[in-house]
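Peer 1:
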Amino acid sequence: MSVERNAPCPCGSGQKYKKCCLNNGITTTRLSETSPPELVTKRVEAFSHNDFGFIFDTYHPDSNFRLQFPSRVAYIQYGQSTLNDDYRIRSCQILTERDVDESVAQVLFLLTVDYQGQQQQYFELSEFHRCRGQWYYLQSHRLERREFSGGLDEMTCDKMLEQGICF
0 MSVERNAPCP CGSGQKYKKC CLNNGITTTR LSETSPPELV TKRVEAFSHN DFGFIFDTYH
60 PDSNFRLQFP SRVAYIQYGQ STLNDDYRIR SCQILTERDV DESVAQVLFL LTVDYQGQQQ
120 QYFELSEFHR CRGQWYYLQS HRLERREFSG GLDEMTCDKM LEQGICF
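Numbering follows numbering that gives the first Met the number 0, with no gaps: position 70 of the sequence shown is 69.
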């Protein structure tokens, strides 16, 4: 799908495409047929390959992340200088998913990561919103695995909303 020069930029900046990503030589990510669980998997793969542009492109324009990093180029530089060495995803196990409504979905998964040389395991309940015909990552609730005494089959989206920390 091509974006017209005078259309709003798909990156969510609020500028016209010709004044934003088109002039920067940036190709924005279009994933109109990708479901929220597939997007989780693709984001994990992107982190594994240090594809911070893809990570940026799949954040919802209204996410807190986009407030912290309004510039795609600045986030890519940050990712390359910091996350590239400090953060590695070892595994991602999707546990369940649910549609809240036609434009909001949640995916619950278990991540095992190496962060600054320490292995960590935590549950994440990610919330995705449909915008411009595509799913975007908005926010998550996170809970350290050691803080939940039950088995993986006992963790639910509702338990995460009760116990997890929103970020």
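Beta carbons are placed, not taken as given, at the ideal position from N, Cα and C, and that holds for glycine.
Do residue 139 and residue 153 have their C-beta atoms closer together than 8 Å?
Peer 2: Cβ distance not < 8 Å, so residue 139 and residue 153 don't count as in contact.
Peer 1: Under 8 Å Cβ to Cβ from residue 156, same chain only, skipping five residues before and after it: list those, please.
Peer 2: Within the same chain, residue 156 has close Cβ partners 95, 97, 105, 107 and 124.
Peer 1: Should residue 42 go down as buried or exposed, given a rule of 16 or more other Cβ atoms within 10 Å for buried?
Peer 2: Residue 42 is buried by the Cβ-count criterion.
Peer 1: Which same chain residues end up closer than 7 Å to residue 119 when comparing Cβ atoms and leaving out the 5 residues on each side of it in sequence?
Peer 2: Contacts found: 112.
Peer 1: Take residue 103 as the anchor and find which of 89, 114, 110 and 127 has the nearest alpha-carbon.
Peer 2: Per the Cα distances, 127.
Peer 1: Assuming residue 115 contacts residue 85 (C-beta within less than 8 Å), just tell me the rounded distance between them.
Peer 2: Going by Cβ atoms, the distance from residue 115 to residue 85 rounds to 5 Å, so yes, they are a contact pair.
Peer 1: Given that a residue counts as buried once 16 or more other Cβ atoms are within 10 Å of its Cβ, and exposed if not, what is residue 150?
Peer 2: Classification of residue 150: exposed, given that the 10 Å Cβ count is below 16.
Peer 1: The alpha helix (DSSP H) with residue 82 in it runs from where to where?
Peer 2: Taken as a continuous stretch (DSSP letters only), residue 82 belongs to no alpha helix (DSSP H), as it is neither H nor E.
Peer 1: Does the beta-carbon distance from residue 36 to residue 88 come in below 8 Å?
Peer 2: Not closer than 8 Å, so no.
Peer 1: Relative to the alpha-carbon of residue 165, which residue among 141, 158 and 146 has its alpha-carbon at the smallest distance?
Peer 2: Ranking the options by Cα distance to residue 165, first place goes to 141.
Peer 1: Is it buried or exposed for residue 45, if we count other Cβ within 10 angstroms and need 16 for buried?
Peer 2: Classification of residue 45: buried, given that the 10 Å Cβ count is 16 or more.
Peer 1: With distances taken between CB atoms, is the gap from residue 136 to residue 38 smaller than 8 Å?
Peer 2: For residue 136 and residue 38, yes; Cβs fall inside 8 Å.
Peer 1: Measure the CB-CB distance between residue 78 and residue 51 and report whether it falls below 8 Å.
Peer 2: Cβ atoms of residue 78 and residue 51: closer than 8 Å.
Peer 1: Within its chain, find whatever has a CB closer than 8 Å to the CB of residue 160; leave out the 5 residues flanking it on each side and keep chain order.
Peer 2: Only 124 and 140 meet the Cβ criterion.
Peer 1: According to DSSP, simplified to helix, strand and coil, what is residue 61?
Peer 2: Correct three-state label for residue 61: coil.
Peer 1: Starting from the N-terminal side, write out each stretch of the beta strand (DSSP E) that is 3 residues or longer and does not extend beyond the region 99 to 147.
Peer 2: The qualifying runs are 103 to 114, 117 to 130 and 133 to 143.
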